[in-house]
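First the structure, in the form of structure tokens, and then the observations on it.
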């Protein structure tokens, strides 16, 4: 009988010891902060300073209200600032955040840190990365880009017809083209056209300007897929607008 009582007590003790150990472990895990640094990539402080210098601010040195996403790049460094809608973000705050990431994630200097009004991300970018890679030249098309559709021959006039099919948003005071979060898609017969702003704000380019971008692509790439990047082209002080043209085939 005494042995049975001892065994029961031991079982209870083991149970409570296990529970307490699990609670202690959970508390320890919850108290740990996630590693803000990226496991891959490396940037130079010079490239990141140059990328910061490319950021445009208002006359009072703040991010323009409504410009939630800013991205700039120089060399191999891509800076991204994601605003939280919790008040104005000052230029010096972004600069200090950049230095903070560099310090905490040394020597690679790539990572992402949250702040009260924004999130700062620094990452390595490859030269051939679309839109922000160092190989990107404004108004200079790139040909034979990877397509989400089955391959085929593009007829350049079809691309112009696709742009003609984009409707104007009648609810827009500026009579902007119909779009969603800075994205426009249109297609006609052999051609599929996709336009996107880097800051996700509304594209302000009209159909005539989009046709000029399309003609730049088809003039160089002929019947192949292609893309071109234009500086600005949407609301905000920091934006790049990219047009991509594909054969209008079956989705892959």
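Residue numbers (mature numbering (1 follows the signal peptide of the UniProt record, and there is no 0)): -31 to -1, 1 to 221. Positions of the beta carbon are idealized from the N, C-alpha and C atoms, including for glycine. On a predicted model such as this, the values are computed, not experimentally measured, just so you know.
Check	Outcome
Distance CB(residue 189)-CB(residue 99) smaller than 7 Å	no
Beta-carbon gap between residue 57 and residue 31 smaller than 7 Å	yes
Residues of its chain near residue 53, where Cβ-Cβ distance is below 8 Å and the 5 sequence neighbours each way are ignored	85, 86, 87, 88
Supposed contact pair residue 153 and residue 135 - C-beta distance, whole angstroms, cut 8 Å	6 Å
Inter-residue spacing [alpha-carbon to alpha-carbon] between residue 174 and residue 74	40 Å
CA nearest to the CA of residue 170, picked from 37, 5, 11	37
Contact check, residue 165 vs residue 200, beta carbons under 7 Å	no
Backbone CA spacing between residue 172 and residue 202 [nearest angstrom]	6 Å
Simplified DSSP assignment, three categories, for residue 73	helix
For residue 206, the three-state DSSP class (helix, strand or coil)	coil
Contact belief for residue 207 with residue 24 at Cβ below 8 Å, rounded distance in angstroms	6 Å
Contact between the region 43 to 50 and the region 7 to 22 (3+ Cβ pairs under 8 Å)	yes
C-alpha gap between residue 64 and residue 143, whole angstroms	34 Å
C-beta contact flag for residue 195 and residue 112 at 7 Å	yes
Every unbroken alpha helix (DSSP H) inside the region 154 to 192 [4 residues or more]	176 to 190
C-beta atoms of residue 33 and residue 101 nearer than 7 Å	no
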